[in-house]
Each structure stands twice: as C-alpha cells, then as structure tokens.
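Here the structure comes first, spelled out in structure tokens, and everything after it is commentary.
There are 2 protein chains.
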Amino acid sequence: MKRDSRLSSVLHALLHMAEHDGPMTSERLAECMNTNPVVVRRTMGLLREAGIVASARGHAGGWTITADLGILTLRQLHEVLGEPAIFAIGNRNETPDCLVEQSVNAALDAAFAEAEALLLDRFADVTLADLAADFARRHAERRARKGVGNAK
Amino acid sequence: MKRDSRLSSVLHALLHMAEHDGPMTSERLAECMNTNPVVVRRTMGLLREAGIVASARGHAGGWTITADLGILTLRQLHEVLGEPAIFAIGNRNETPDCLVEQSVNAALDAAFAEAEALLLDRFADVTLADLAADFARRHAERRARKGVGNAK
DNA sequence: TTTCATGTAACTTTAATTATTACGAATCTT
DNA sequence: AAGATTCGTAATAATTAAAGTTACATGAAA
C-alpha cells in the first residue's frame, strides 16, 4: 500500500498560504508540493467543505485560509480528511469465527487502540499556529547561519 | 496499499500449533488462515530463521514451535517480520529542502514516534502465553454458554 | 522409489493512493 | 461580448506494496 500523505500535504499547503498575501492557485500550490493541481483541488476541496479554506474562480482566484490558525489542529485536519486508516498493520480477518483468531485480534486491537488514542491526542495538541511559529524559528535560524543581516 | 497482516497471521498460526500435538503442515495452517501454503512457508520461514519454530520435510514433517511461549512477545515477532511500517499515514517527502515542509515533518514525526513507542511497548507486554491463556478463557466461556459438561 | 512436505523463484492478482486527462462552469479583464 | 484564467469533477491510468499462485527443486520417510 502507498502511505496516505494528504495530512502532510495540506499542512504544507496551509503554511505556504499563511506566508503568502492573497489567494494561491492550485497550480502554484501543486508546484510547492511537487504534485498535480487536480490533486490539490481534490484535497483542498475537503477543507473547503469544512470551512477551513475558501476558493474563488477566475482571474485572481485561488485558495485562501478562512480558519483561525491558532485554533486549527492537526487532529481537526485528520478528521476533515475522513479519518483515514492510521495503521499499515492489521488483522487478517476482522470478524473471525475462530476463537484463536479472536484472541489474537483482541490483543492487537487493544494495542492499536491505545497507540491511536495517543497519536490523536498529540495531533490535537498541535495547532497550525504552532507549526507556523516553528517555521519562523527555522527561517530565522537559517538566516542567522547564512549571516544575512549581519553588519560586517 | 494493502495492510500487512503477517503479525496477525503468525500469532494465529503459533497458537494453533501450540494447541496441536506434533508438527502442523503448511497446508493445514493455510486452511486455518484461509490462505495459501506458500504464503505460510514464506512467513514461517522468517520465524525459523529466528529460531522460533522448526520445520521438517517429508512424511510427518511440518512446523513445530521451539520457542518458550512465556517469553516470546508480540514485539519480538514484529521484529522478526522485519519491522514493517506501522503507519499508513506519512510525510509526502522525507527529506525536503523546503523549510515549511521540514516543520510539518518534524511535527508529524514527533507524534508518530510517540505512538510507535507506545505500540511497541504494548507489544512487548504481551507474550504468546498470554494469548494462549486468553484463548483458553474464551474457550471455557463458550463451552459454558453452550452448557457442555453441565449435568442436567 | 514413490509419496509427502518444505524451499524458493517468478509471476499474477488485489487493494489503495496518487497522478493525469478532459471538459464544464464561473469569474475577471479588456 | 470575447477571451483568458481558475476552480470543479468525472473518468481513467499509473504506482506501490501486500498477498496469492504456479512451478519446480530438495529432502525425508514409508
């Protein structure tokens, strides 16, 4: 299976949009993420339905953020994307008649449920504003390393 | 992508083997799990390399457990299977130049790392003997519900 | 020496994501 | 009003990884 990278993609897109004045087209976002504009529209369309972004057609159209980045969390975005399956490992048969397999499933399910709960809690802890701040920090660091702005 | 169900499969196989006297053939194990004998051999072969099971060819051949079920954990089996990817969700690009994407990756990676650590800890908590005991409990319960052994 | 069973390579099928093509609909500019 | 721009979306193909299948070699027991 391929891994679902849409959460990563929409985060990337939203942060670029936050750094950018005015709407960004699907075309430009697609360039940022090395993908296809149609893929961008499909994924961003889900965020639009959730009221997180808005889109406009025609000249000077494109995508804009409408949500408050200080409130929007990774968990909300995960939900907006339809809560895709988190694990690449799973039971062979979800509803087995075999009692042996039922024991196996119960043990695995319990472990996966705990891990999923923790992951979603961590997702809920991180807002888009947190990510934007982290980016700003990395950006400042890079500038410092390059010596940009150092009088000399 | 399909989900990897080999851990579930080998647990199922090991418990059936534990309940069974003498070696079990790939054919019989495959029937238990609704799969193909070659798939069983492929997967069980990894366990053999790790010294968890032994195989014998020819008449009266098949698979037998050599490990101590009281010590063998889900985590060890996960490792023996090559530590397959746990998550079906991931970063779009693992080594991006883009600072924005680096921030996104860092946040997601941190959350996934925590969830993975928890999952592996839980896997380490469960031995095959625990699963066998759980199966025995379920088996007894079913017998009780059916009234088997109830004098009447 | 025949039968049974594993060992493995090569190939096919299946399932899921992502990418692409094509075209329609709306909006802005001139 | 014409034309360019941009989203909306359906339909289809490509990609990727797991699981299944076929074929045949190897070895052990009756």
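If you're matching them up, the sequences are chains A and B in order.
Under our numbering, the first residue of the first sequence carries the number 1, and numbering increases by one thereafter.
Under our numbering, the first residue of the second sequence carries the number 1001, and numbering increases by one thereafter.
Positions of the beta carbon are idealized from the N, C-alpha and C atoms, including for glycine.
Exposure of residue i, with buried meaning 16 or more beta-carbon neighbours within 10 Å
| i | result |
| --- | --- |
| R1057 (chain B) | exposed |
| R92 (chain A) | buried |
| H1059 (chain B) | exposed |
| R1142 (chain B) | exposed |
| D21 (chain A) | exposed |
| K152 (chain A) | At K152 (chain A), the pLDDT of 38 sits below 50, so the modelled position is not reliable and the matter cannot be decided from this model. |
| R1145 (chain B) | exposed |
| D1004 (chain B) | buried |
| A133 (chain A) | exposed |
Distance between residue j and residue i (C-alpha atoms, nearest Å)
| i | j | result |
| --- | --- | --- |
| P23 (chain A) | G1090 (chain B) | 27 Å |
| E27 (chain A) | E79 (chain A) | 25 Å |
| E94 (chain A) | L81 (chain A) | 24 Å |
| V1053 (chain B) | A1110 (chain B) | 36 Å |
| N1048 (chain B) | A67 (chain A) | The sequence given here has Arg at residue 1048 (chain B), not Asn. About 55 Å. |
| S1008 (chain B) | L108 (chain A) | 8 Å |
| Q1102 (chain B) | H1016 (chain B) | 47 Å |
| G1061 (chain B) | P1037 (chain B) | 14 Å |
| L1128 (chain B) | A1140 (chain B) | 18 Å |
| V10 (chain A) | R42 (chain A) | 11 Å |
| R138 (chain A) | I71 (chain A) | 22 Å |
| T25 (chain A) | L69 (chain A) | 20 Å |
| V1100 (chain B) | D1130 (chain B) | 46 Å |
| E19 (chain A) | A1018 (chain B) | 60 Å |
| A1013 (chain B) | W1063 (chain B) | 10 Å |
| V1126 (chain B) | I86 (chain A) | 22 Å |
| V1039 (chain B) | S1055 (chain B) | 15 Å |
| D1121 (chain B) | G147 (chain A) | 45 Å |
| T1035 (chain B) | R1006 (chain B) | 11 Å |
| E1083 (chain B) | M1044 (chain B) | 15 Å |
| V1104 (chain B) | N105 (chain A) | 33 Å |
| I1065 (chain B) | D1097 (chain B) | 49 Å |
| R1046 (chain B) | L46 (chain A) | It is Leu, not Arg, that sits at residue 1046 (chain B) in the sequence shown. Between L1046 (chain B) and L46 (chain A), the C-alpha separation is close to 43 Å. |
Beta-bridge pairing of residue i - partner residues as DSSP gives them
| i | result |
| --- | --- |
| G1062 (chain B) | B:A1056 |
| T1073 (chain B) | B:T1127 |
| D4 (chain A) | B:I1089 |
| M24 (chain A) | A:W63 |
Beta-carbon spacing of residue i, residue j below 9 Å
| i | j | result |
| --- | --- | --- |
| A88 (chain A) | M1001 (chain B) | yes |
| F135 (chain A) | T73 (chain A) | no |
| E118 (chain A) | A1030 (chain B) | Correcting the residue identity first, residue 118 (chain A) is Leu in this sequence and not Glu. Taking 9 Å as the Cβ cut-off, L118 (chain A) and A1030 (chain B) do not qualify as a contacting pair. |
| D1076 (chain B) | A1113 (chain B) | Rather than Asp, the amino acid found at residue 1076 (chain B) in this sequence is Gln. Not a contact, by the Cβ cut-off of 9 Å. |
So if I threshold CB-CB distances at 9 Å, which residues from the region 1025-1045 of chain B count as touching chain A?
So the list reads C1032, M1033, N1034 and T1035, given in the order they occur along the chain.
Residues of the region 109-123 of chain A in Cβ contact with chain B at a cutoff of 8 Å, in chain order, please.
So the close ones are A110, A111, F112, E114, A115, E116, L118, L119, R122 and F123.
Using a beta-carbon distance cut-off of less than 8 Å, what residues from the region 89-103 of chain A approach chain B?
I89, G90, N91, R92, N93, C98, L99, V100, E101, Q102 and S103
The region 1006-1018 of chain B: positions lying closer than 7 Å to chain A by Cβ
L1007, S1008, S1009, L1011, H1012, L1015 and H1016
Proximal residues, the region 1130-1147 of chain B versus chain A, C-beta separation under 7 Å:
L1131, D1134, F1135, R1138, H1139 and R1142
Using a beta-carbon distance cut-off of less than 8 Å, what residues from the region 49-74 of chain A approach chain B?
L74
Chain-ordered residues of the region 1077-1088 of chain B with a beta carbon less than 7 Å from chain A
Within the region 1077-1088 of chain B, the residues whose Cβ lies closer than 7 Å to some Cβ of chain A are P1084, A1085, I1086, F1087 and A1088, listed in chain order.
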